[in-house]
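Residue numbers (the UniProt record's numbering): 1 to 201.
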């Protein structure tokens, strides 16, 4: 089975990205941490049990040995740039995924340990339309340690020129919030409920 784990706002500058998210959602982001292997750092906000939004950017002064993940080698202004799906069995999930999904890497940060699939060049699978796959191993889930400020994911819209194949690849992701459709190019759009009404990222 697959479940929506979290969404990622990618950006070139973490402070700028956090301010962009906070202005739209009306709540503060919380400190996340650093990912030494990829030279990135993040801030987080809860989207309810088992789900959160992260703002992720290259960390100034870092020089990772290889490409940064999440397509952050070409980071620009803040935008909804990636979605991450939780799987129970990474080997089985990758066997059924397109080759572009990447290879499994074991990572850790503070109390958390996880396995994540990352393409060798750090790109986003299918231009971001196919999700990054993750399996949490230790330390629980980050959403459990975040303040629940009432934000919730209403819908995640994913567009791609080959939406029919994408739908087949994601057959194990049974979530009524996920909307897949054909588009001229890969695109993501999230609708979130907030204390001030619905917001689109």
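Where a beta carbon is used, it is the ideal one built from N, C-alpha and C, also for glycine.
Asked                                                                                                             : Found
Residue 5 classed as buried or exposed, judged by whether at least 16 other C-beta atoms fall within 10 angstroms : buried
Where residue 110 falls, given that 16 or more other Cβ within 10 Å makes a residue buried                        : exposed
Residues that DSSP places opposite residue 118 in a beta bridge                                                   : 103
Environment of residue 74 [buried if 16+ CB atoms lie within 10 Å]                                                : exposed
Residue 90: first and last residue of the uninterrupted alpha helix (DSSP H) it sits in                           : 90-96
Range of the contiguous beta strand (DSSP E) that encloses residue 27                                             : Careful: residue 27 lies outside any beta strand (DSSP E) and carries neither H nor E.
Reduced DSSP secondary structure (H/G/I, E/B, other) of residue 124                                               : coil
Residue 122 to residue 147 span [Cα, whole Å]                                                                     : 31 Å
Unbroken alpha helix (DSSP H) run spanning residue 146, endpoints                                                 : Taken as a continuous stretch (DSSP letters only), residue 146 belongs to no alpha helix (DSSP H), as it is neither H nor E.
Closer than 7 Å: residue 148 CB and nearest the ligand SAM heavy atom                                             : Among the ligands in the structure shown, none appear at all, so the ligand SAM cannot be discussed.
Which residues DSSP lists as bridging residue 182, in chain order                                                 : 160
For residue 58, the residue or residues it bridges with in DSSP                                                   : 40
Contact belief for residue 142 with residue 44 at Cβ below 8 Å, rounded distance in angstroms                     : 6 Å
Among 2, 3, 30, nearest to residue 14 - alpha-carbon criterion                                                    : 30
From 24, 86, 120, residue whose alpha carbon lies closest to that of residue 114                                  : 86
Distance, residue 53 Cα to residue 169 Cα                                                                         : 24 Å
Spatially closest choice to residue 3 from 70, 50, 96, by CA coordinates                                          : 50
Nearest-angstrom Cα separation, counted from residue 120 out to residue 61                                        : 22 Å
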